[in-house]
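> This note's numbering puts the first residue of the sequence shown at 15, with every later residue one more than the last.
Here a beta-carbon is modelled for each residue, glycine too, at the ideal position from N, C-alpha and C.
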Amino acid sequence: MAIIVVFDDDATSLTHTHALVEACLPKDTAATILDVHSISELLGLMAKGTHVDVLITDIMMPEGQPSGIDVVQRLFPPSSGTQVIYVSGSLEQATEVYRTDHVYFLLKPLDPNRLRDALSRAFAALPAAHILMLRIKVGHKEQLLNASSIRYLESSLHKVFVHCGAHTYETYSRLDDLQSQLSDSFSRCHRSYLVNLAFVRSLSDNTLLLHDGTEIPVSRRRARQVQHDLLTFLATQT
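(1) Specify the secondary structure class of Ile-73 as computed by DSSP and reduced to three states.
(2) Should Ser-194 be flagged as near chain C, meaning a C-beta pair shorter than 8 Å?
(3) Could you check where the beta strand (DSSP E) with Ser-102 kicks off and where it finishes?
(4) If I measure Cβ to Cβ from Asp-226 and keep anything under 8 Å in the same chain, skipping five residues before and after, which residues do I get?
(5) To the nearest angstrom, how far is the alpha carbon of Ser-81 from that of Leu-69?
(6) Could you name the residues of the same chain whose beta carbon sits closer than 6 Å to that of Ser-187, not counting the 5 residues immediately before and after it, in chain order?
(7) Which of the three DSSP states, helix, strand or coil, is assigned to Asn-210?
(8) Under 7 Å Cβ to Cβ from Ser-218, same chain only, skipping five residues before and after it: list those, please.
(9) Using 10 angstroms around the beta-carbon of Asn-210, count the other beta-carbons present and answer buried if the total reaches 16, otherwise exposed.
(10) Roughly how many whole angstroms lie between the Cα atoms of Pro-123 and Gln-157?
(11) Taking only three categories from DSSP, how would you classify Arg-215?
(12) Would you decide whether Asp-190 is buried or exposed? Buried here means 16 or more other CB atoms lie within 10 Å of its CB.
(13) The beta strand (DSSP E) spanning Leu-146 covers which residue range?
(14) Considering only residues of the same chain and omitting the five flanking positions on each side of Arg-215, which have a CB-CB separation below 7 Å?
(15) Quick check on Thr-185: does DSSP put it in helix, strand or coil?
(16) First and last residue of the alpha helix (DSSP H) that includes Ala-61?
(17) If we ignore side chains and look at the alpha-carbon of each, how far apart do Tyr-100 and His-172 end up?
(18) Buried or exposed: where does Tyr-183 fall if 16 or more other Cβ atoms within 10 Å of its Cβ makes it buried?
(19) When you compare the CB positions of Phe-21 and Thr-71, do they come within less than 8 Å of one another, or not?
(20) Considering only DSSP beta bridges, list what Ala-45 is partnered with.
(21) Could you tell me which of Asp-23, Arg-234, Pro-40 sits nearest to Ser-102, measuring between CA atoms?
(22) Would you give the residue range spanned by the beta strand (DSSP E) that Asn-220 belongs to?
(23) Which residues in the same chain have their Cβ closer than 8 Å to the Cβ of Thr-46, if we skip the five residues on either side of it in sequence?
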């Protein structure tokens, strides 16, 4: 079952878009459509481990809030496999959408034929998207986390803190064991840290800076390997 998230701060527009998406889904497509009004609501959804297969997001957001493009850049890198459809009431942002990967740009009011085409393209791209899940134990329950939403993992004493979206999960585990479940897009930059390179903004001699401003230490003996990991990862994104 695919998950489609419609993200718009305007309630009327959100309801209208939801109804159109429901009517324009490709034939025989099994999908759940979720409505999201704010970035905090979106982060909460992702913190629960929900993988967003298709994101339909308005670009303009309230003043002081990140735009739809900023949200995609921060939360849905190409490695996430999420297919992005932008919508806007203005053509002013038409060129800005190319800052991120996306399958379509739609102008409001939405044309059903164009929306239908956008959804078809998005779903056609989904089989190629590899969705990796991390299995951890939180308390007495097992939790599956979408690896692409994990920013970094931090080991302290006998616990590992998994920083995922707006939520941090605590699990009694070894960082080595969790790393074995993850792909090469995660780099062991320090004895106590494993970072998702998709969220890295820059690398200095002893620090990785993430897009949200978080600074992750890089140990001296791992610095060269981290640089290699980052360059290799970036090469796969072009």
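In this structure, then:
(1) Residue numbering aside, residue 73 sits at position 59 when the sequence shown is read from its first letter. It is coil, neither helix nor strand.
(2) Absent from the structure is chain C; it holds one protein chain and no more.
(3) In the sequence shown, the residue the question calls residue 102 occupies position 88. Per DSSP, Ser-102 belongs to the beta strand (DSSP E) from 97–102.
(4) Counting from one through the sequence shown, the residue named residue 226 turns up at place 212. Contacts found: Arg-88, Arg-165, Phe-213.
(5) Reading the sequence shown from its first residue, position 67 is the one you call residue 81. Reading the sequence shown from its first residue, position 55 is the one you call residue 69. Spanning the two alpha carbons is a distance of roughly 14 Å.
(6) Taking the sequence shown and counting its residues from 1, one reaches residue 187 at position 173. Within the same chain, Ser-187 has close Cβ partners Val-174.
(7) Locating residue 210 in the sequence shown gives position 196, counting from the first residue. In this structure, Asn-210 counts as strand in the three-state DSSP scheme.
(8) By 1-based counting over the sequence shown, the position of residue 218 is 204. If we look at Ser-218 and ignore the five residues flanking it on each side, it has no Cβ neighbours.
(9) Position 196 of the sequence shown, counted from the start, is the residue given in the question as residue 210. That one is buried.
(10) Counting from 1 along the sequence shown, the entry for residue 123 is found at position 109. Counting from 1 along the sequence shown, the entry for residue 157 is found at position 143. One alpha carbon belongs to Pro-123, the other to Gln-157, and they sit about 40 Å apart.
(11) Here the question's residue 215 lines up with position 201 in the sequence shown. Of the three classes helix, strand and coil, the one that applies to Arg-215 here is strand, per DSSP.
(12) Reading the sequence shown from its first residue, position 176 is the one you call residue 190. Classification of Asp-190: exposed, given that the 10 Å Cβ count is below 16.
(13) Walking along the sequence shown from the start, residue 146 turns up at place 132. Note, Leu-146: premise wrong, no beta strand (DSSP E); not H, not E.
(14) Translated into the one-based positions of the sequence shown, residue 215 becomes position 201. The answer, listed in chain order, is Leu-223, Leu-224, His-225.
(15) Here residue 185 is taken as the residue at index 171 of the sequence shown, counted from 1. It is a strand residue.
(16) Numbered from its first residue, the sequence shown carries residue 61 at position 47. Residues 53–61.
(17) One-based indexing of the sequence shown puts residue 100 at position 86. One-based indexing of the sequence shown puts residue 172 at position 158. Straight-line Cα distance between these residues: approximately 43 Å.
(18) Counting from 1 along the sequence shown, the entry for residue 183 is found at position 169. The residue in question, Tyr-183, is buried, as its Cβ has 16 or more Cβ neighbours within 10 Å.
(19) Here residue 21 refers to the residue found at position 7 of the sequence shown. Here residue 71 refers to the residue found at position 57 of the sequence shown. The Cβ atoms of Phe-21 and Thr-71 lie closer than 8 Å to each other.
(20) What you label residue 45 is simply residue 31 of the sequence shown in a count that begins at 1. DSSP, once it has assigned bridges, lists Ala-16 as partnering Ala-45.
(21) Numbered from its first residue, the sequence shown carries residue 102 at position 88. Of Asp-23, Arg-234, Pro-40, the residue nearest in Cα terms is Asp-23.
(22) Translated into the one-based positions of the sequence shown, residue 220 becomes position 206. Careful: Asn-220 lies outside any beta strand (DSSP E) and carries neither H nor E.
(23) Counting from one through the sequence shown, the residue named residue 46 turns up at place 32. Excluding positions up to five away in sequence, the list reads Met-15, Ala-16, Ile-17, Ile-18.
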